[in-house]
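Using the numbering used here, the first residue of the sequence shown is number 1, and each one after it goes up by one. Quick reminder that beta carbons are idealized off the backbone N, C-alpha and C, glycines included.
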Amino acid sequence: MKATAIAPSNIAFIKYWGKKDDELRLPTNGSISMNLSGLTTTTTVEFSLDYKKDLIEIDGNKNKKEIDRVIKHLDRIRNIAGIDKKAKVVSKNNFPSGTGLSASASGFAALTVAAVSAADLKLTEKELSILARFGSGSACRSIPDGFVEWLDGDTSDESCAVSLHEANWWDIVDVVAIVNLGKKDVPTTKGMEIAGSSPFFQARLSSIDNKIKIAKKVLEKKDFTRFGKLLESEALEMHAIAITSSPSLIYWTSGTLGVMKQVKMWRKAGFESYFTINTGQDIHIICQKHDAIKISNLLKNQKDVRDVIINMPSNGARLVNNHLF
Ligand code: DP6
């Protein structure tokens with residue numbers, strides 16, 4: 001059977017940076033995110049005896065490591081379903097990958113939902129989220145709708161993502177600035193492996209539960225100023241860990257820094273917005289709906305900004321009918 005799914009990428013307001021169990025992909029802490037309407041992956045999967053080996057096409061990407069990671073994920077699903085048919089997988093992102101826009105989140109969420117359906121399995125949202133987590137941690141947050149919490153669990157069964165609020169809960173906007181076309185030089189999984197080498201990592205862990213509590217409260221109250229300040233300082237804290245890891249990891253480029261400084265200036269001028277950054281040079285500007293067009297125009301005038309993508313909160317991964325092959 002053939003099945004196709006579309007999944008959003010997500011932006012973490014409270015970040016996942018470090019694992020307590022690499023094999024199970026259990027993060028050192030919980031995290032909070034929003035699914036993004038404008039950054040999606042669409043994936044079609046078909047299991048068939050006609051295929052003599054797995055045929056994987058990801059946006060024309062021939063990277064063997066990426067392809068092996070997809071095959072490993074298919075194996076997990078084949079194991080659960082008790083099938084040994086090979087698969088054809090075609091996957092397309094509507095945005096650049098490897099630049100900080102979390103293509104692995106949307107990619108593994110879409111792959112999970114499409115492959116599970118193609119294998120004729122019926123899984124709950126919780127089971128899909130746990131399965132997506134094995135592909136890439138942040139992918140578990142792209143399964144439920146809207147604003148999402150990835151629960152801090154000590155076992156695989158406890159480590160799943162749940163929806164805190166539907167997508168229409170709060171009409172905040174994530175204006176993504178694509179800063180240049182370079183790929184990050186250290187992949188996220190590798191970067192995270194050395195998080196514990198930062199002298200500040202334990203300090204982060206000692207305050208993170210409280211931070212999550214506050215983030216949930218301000219999200220509930222829709223207190224934009226407190227929410228914005230919190231998410232921006234959290235992004236800087238995560239990058240402080242990366243920068244002070246051994247070896248140090250600097251994901252920003254001069255273009256990223258230029259936008260960070262501008263956001264602070266726009267704030268002073270009355271356009272309230274806050275930045276957050278994942279692993280890569282691209283930067284997410286979080287603002288309220290009434291400021292989104294203005295912020296996006298301001299960003300387009302920045303020297304190093306190549307493109308701007310406006311994202312509203314969105315639903316999570318879902319099946320669709322338009323197959324890619
Ligand atoms: C900085 O989910 O890509 O974007 O589990 O190793 O695949 P793996 O990591 P991944 O990490 C995302 C890290 C982050 C922060 C976040 O999205 O929470």
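Residue i CB to nearest heavy atom of the ligand DP6 below 7 Å
i	result
residue 137	yes
residue 16	yes
residue 278	yes
residue 248	no
residue 25	yes
residue 12	yes
residue 1	no
residue 260	no
residue 42	no
residue 105	yes
residue 245	no
residue 9	no
residue 192	yes
residue 102	yes
residue 233	no
residue 206	no
residue 189	yes
residue 31	yes
Contact check, residue i vs residue j, beta carbons under 8 Å
i	j	result
residue 204	residue 33	no
residue 235	residue 188	no
residue 272	residue 316	no
residue 46	residue 58	no
residue 75	residue 179	no
residue 4	residue 41	no
residue 310	residue 175	yes
residue 146	residue 35	yes
residue 163	residue 151	no
residue 101	residue 95	yes
residue 139	residue 118	no
residue 56	residue 89	yes
residue 223	residue 255	no
residue 154	residue 1	no
residue 299	residue 13	no
residue 29	residue 148	no
residue 6	residue 318	yes
Terminal residues of the beta strand (DSSP E) in which residue i lies
i	result
residue 311	307 to 311
residue 290	Note, residue 290: premise wrong, no beta strand (DSSP E); not H, not E.
Minimum Cβ-Cβ distance from residue i to chain D less than 8 Å
i	result
residue 10	Among the chains in the structure shown there is no chain D, since it carries only a single protein chain.
Which of helix, strand or coil DSSP assigns to residue i
i	result
residue 209	helix
residue 262	helix
residue 150	strand
residue 319	strand
residue 6	strand
residue 201	helix
residue 12	strand
residue 214	helix
Element boundaries [alpha helix (DSSP H), containing residue i]
i	result
residue 273	It is not in any alpha helix (DSSP H) - residue 273 instead sits in the beta strand (DSSP E) that spans 273 to 276.
residue 117	103 to 118
residue 233	224 to 243
residue 131	125 to 135
Residue i beta carbon near the ligand GDP (any heavy atom closer than 7 Å)
i	result
residue 209	The ligand GDP is not among the ligands present in this structure, which contains only the ligand DP6.
Contiguous beta strand (DSSP E) assignments of at least 3 residues, all confined to the region 15 to 97: 19 to 21, 31 to 48, 55 to 58 and 86 to 93, all fully within the region 15 to 97.
Alpha helix (DSSP H) segments (min. 4 residues) lying fully within the region 151 to 194: 188 to 193, all fully within the region 151 to 194.
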